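**Student:** So that we are looking at the same thing, I have put the structure below in structure tokens.
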Amino acid sequence: MSSQAAAVTFTFCGHSTVLCTLADGRVLLIDPFLASSPVCPPDLAQPSRVDAMLITHAHPDHMADAVSVAEQTKPHSVVASYEVCAWLEGRGVGNTHPMGIGGSQTILGDIKVTQVPAIHSSGLLDGDRLIYGGAATGFVIRLPQDLVFYHAGDTAVFSDMRLIADLYSPTLAFLPIGDHFTMGPREAAHACRFLGVERVVPIHHGTFPMLTGTPEALRAELAKRGLDCQVVALEPGETWSP
Ligand code: NI
Ligand code: MN
931 MSSQAAAVTF
941 TFCGHSTVLC
951 TLADGRVLLI
961 DPFLASSPVC
971 PPDLAQPSRV
981 DAMLITHAHP
991 DHMADAVSVA
1001 EQTKPHSVVA
1011 SYEVCAWLEG
1021 RGVGNTHPMG
1031 IGGSQTILGD
1041 IKVTQVPAIH
1051 SSGLLDGDRL
1061 IYGGAATGFV
1071 IRLPQDLVFY
1081 HAGDTAVFSD
1091 MRLIADLYSP
1101 TLAFLPIGDH
1111 FTMGPREAAH
1121 ACRFLGVERV
1131 VPIHHGTFPM
1141 LTGTPEALRA
1151 ELAKRGLDCQ
1161 VVALEPGETW
1171 SP
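Taking my numbering, the leading residue of the sequence shown gets 931, the next gets one more, and so forth.
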């Protein structure tokens, strides 16, 4: 990995929310659940700079703060499904870049984003109406200097994660491990095997009592299977460079 790629940092805001800061200072925000999150540290609750915001699916614990963050930071690109983008546009969010599963687009000039499947649901409550949110998705993101990472959003494990590995070769994955609404540690260990990633950052655990999966349990499940994948357990507020 080049020195510039090494200068990329990931700040875990808790739950599934990840801030990726590039060497040149540009900021990607994935799944804005910040001020509304019970675990987001106060100093991260209102980011001052977001160049691109990506949303995996329309559940409040992944986009509750999308509109307010967009109002504050005016991202150049807001990337999500057609349905999530349409909903955001209706609330005044500009620069939406809707996309569909299987497709890729280049954002901010040099960052390639591919939308990939997730096995999950997607919908938003608006008053007493439930609004269809399109498909639940994940993203594979190729940064300049070829650092490729996968943010799975909320999903079960699925064997086509092998296809994600074949097509895009991510070396780093952000995977839900909390169980109950997504895969748990046992399934996430299989996901690591399918993906062939060197490192995994566990997300979507511990935020609420029913999300019982832990990074320690994931380490144990990987070890049980002899899988050589490093578990990078980040606390909310922690910044890490791959
Ligand atoms: Ni969800
Ligand atoms: Mn969720």
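Just so it is clear, CB atoms sit at the ideal spot from N, CA and C, and this is done for glycine as well. Because the structure is a prediction, the values reported are computed rather than measured.
With a floor of 4 residues, list each alpha helix (DSSP H) that falls wholly inside the region 1004–1055, ordered by position along the chain.
**Tutor:** 1012–1020
**Student:** Go ahead and label Gly1039 buried or exposed: buried means 16 or more other beta carbons lie within 10 angstroms of its beta carbon, across all protein chains shown.
**Tutor:** Taking the sequence shown and counting its residues from 1, the one referred to as residue 1039 is at position 109. When all chains shown are included, Gly1039 counts as exposed.
**Student:** In the region 936–1004, which residue ranges form an unbroken beta strand (DSSP E) of at least 3 residues, counting only runs that do not cross its ends?
**Tutor:** 939–942, 948–951, 957–960, 982–984
**Student:** Under 7 Å: does the beta carbon of Val1027 sit that close to some heavy atom of the ligand MN?
**Tutor:** Working through the sequence shown from its first residue, we reach residue 1027 at position 97. According to the sequence displayed, residue 1027 carries His and not Val. Answer for His1027: no, Cβ out of range of the ligand MN.
**Student:** According to DSSP, is His1120 part of a helix, a strand, or is it coil?
**Tutor:** Taking the sequence shown and counting its residues from 1, the one referred to as residue 1120 is at position 190. Helix at His1120.
**Student:** Taking just the CA atoms, how far does Asp1058 sit from Phe1104?
**Tutor:** Within the sequence shown, residue 1104 is the residue found at index 174, counting from 1. Within the sequence shown, residue 1058 is the residue found at index 128, counting from 1. Roughly 33 Å separates the two Cα atoms.
**Student:** Is Ile1071 helix, strand or coil by DSSP?
**Tutor:** Position 141 of the sequence shown, counting from 1, holds the residue named residue 1071. In this structure, Ile1071 counts as strand in the three-state DSSP scheme.
**Student:** Could you say if the region 1081–1089 and the region 979–999 meet the contact criterion of at least three C-beta pairs nearer than 8 Å?
**Tutor:** yes
**Student:** What residue ranges within the region 1091–1135 form continuous alpha helix (DSSP H) runs of no fewer than 4 residues, ordered along the chain?
**Tutor:** 1091–1098, 1115–1125
**Student:** Should His1120 be listed as close to the ligand NI, given that the test is whether its C-beta is under 7 Å from any heavy atom?
**Tutor:** Numbered from its first residue, the sequence shown carries residue 1120 at position 190. Every heavy atom of the ligand NI is 7 Å or more from the Cβ of His1120, so no.
**Student:** Within 10 Å of its beta-carbon, does Gln1160 have 16 or more other beta-carbons around it, so buried, or fewer, so exposed?
**Tutor:** Here residue 1160 refers to the residue found at position 230 of the sequence shown. The residue is exposed, with fewer than 16 neighbouring Cβ atoms inside 10 Å.
**Student:** Taking 8 Å as the limit between beta carbons, can you name the residues of its chain near Gly1053, skipping five residues before and five after?
**Tutor:** The residue you call residue 1053 lines up with position 123 of the sequence shown. For Gly1053, where only same-chain residues beyond five positions count, the Cβ hits under 8 Å are Ala988, His989, Leu1060, Ile1061, Tyr1062, Gly1063.
**Student:** How many angstroms separate the CA atom of Leu1093 from the CA atom of Phe1069?
**Tutor:** The residue you call residue 1093 lines up with position 163 of the sequence shown. The residue you call residue 1069 lines up with position 139 of the sequence shown. So the two alpha carbons sit approximately 14 Å from each other.
**Student:** What separation, rounded to the nearest whole angstrom, lies between the Cα atoms of Val1036 and Pro1166?
**Tutor:** Position 106 of the sequence shown holds residue 1036. Position 236 of the sequence shown holds residue 1166. It should be pointed out that residue 1036 corresponds to Thr in this sequence rather than to Val. Looking at the two C-alpha atoms, the distance is approximately 29 Å.
**Student:** In or out: Glu1001 buried (at least 16 other Cβ within 10 Å) or exposed?
**Tutor:** Working through the sequence shown from its first residue, we reach residue 1001 at position 71. Its Cβ having fewer than 16 others within 10 Å, Glu1001 is exposed.
**Student:** Assuming contact is defined by CB atoms lying nearer than 8 Å, are Ile1049 and Phe1088 in contact in what I supplied?
**Tutor:** Within the sequence shown, the letter at position 119 stands for residue 1049. Within the sequence shown, the letter at position 158 stands for residue 1088. Yes. Within cutoff.
**Student:** How big is the Cα-Cα spacing for Thr1169 and Tyr1012?
**Tutor:** To locate residue 1169, count along the sequence shown from 1; it is residue 239. To locate residue 1012, count along the sequence shown from 1; it is residue 82. Each residue's alpha carbon lies about 31 Å from the other.
**Student:** Should Leu1141 and Pro1100 be called a contact, given that it needs their Cβ atoms to be closer than 8 Å?
**Tutor:** As a position in the sequence shown, residue 1141 is number 211, starting the count at 1. As a position in the sequence shown, residue 1100 is number 170, starting the count at 1. No, Cβ-Cβ distance for Leu1141 and Pro1100 is not below 8 Å.
**Student:** Give me the DSSP bridge partner(s) of Arg1059.
**Tutor:** Against the sequence shown, residue 1059 aligns to sequence position 129. Answer is Asp1056, bridged to Arg1059.
**Student:** Alpha carbon to alpha carbon, how far is Arg1021 from Phe942? Give it in angstroms, no decimals.
**Tutor:** On the sequence shown, residue 942 is found 12 positions in, with the first residue counted as 1. On the sequence shown, residue 1021 is found 91 positions in, with the first residue counted as 1. Rounded to the nearest angstrom, the two C-alpha atoms are 27 Å apart.
**Student:** Near the ligand MN, which residues have their beta-carbon less than 7 Å from any of its heavy atoms, given in chain order?
**Tutor:** Ser946, His989, Asp991, His992, Asp1084, Phe1111, Thr1112, His1134
**Student:** Please name the residue, chosen from Leu1055, His1006, His1027, that lies closest to Gln1045 on a Cα-to-Cα basis.
**Tutor:** The residue you call residue 1045 lines up with position 115 of the sequence shown. Distance from the Cα of Gln1045 is smallest, within the candidate group Leu1055, His1006, His1027, for His1027.
**Student:** Quick check on Asp1090: buried or exposed, where buried means 16 or more other Cβ atoms within 10 Å of its Cβ?
**Tutor:** Sequence index remark: in the sequence shown, residue 1090 carries index 160 (1-based). Exposed.
**Student:** So, are the CB atoms of Pro1047 and Asn1025 less than 8 Å apart?
**Tutor:** For the purposes of this step, residue 1047 is identified with residue 117 of the sequence shown, where counting begins at 1. For the purposes of this step, residue 1025 is identified with residue 95 of the sequence shown, where counting begins at 1. Contact: no.
**Student:** Identify the continuous beta strand (DSSP E) that holds Phe1079 and give its terminal residues.
**Tutor:** Numbered from its first residue, the sequence shown carries residue 1079 at position 149. Where Phe1079 is concerned, the enclosing beta strand (DSSP E) starts and stops at 1078–1081.
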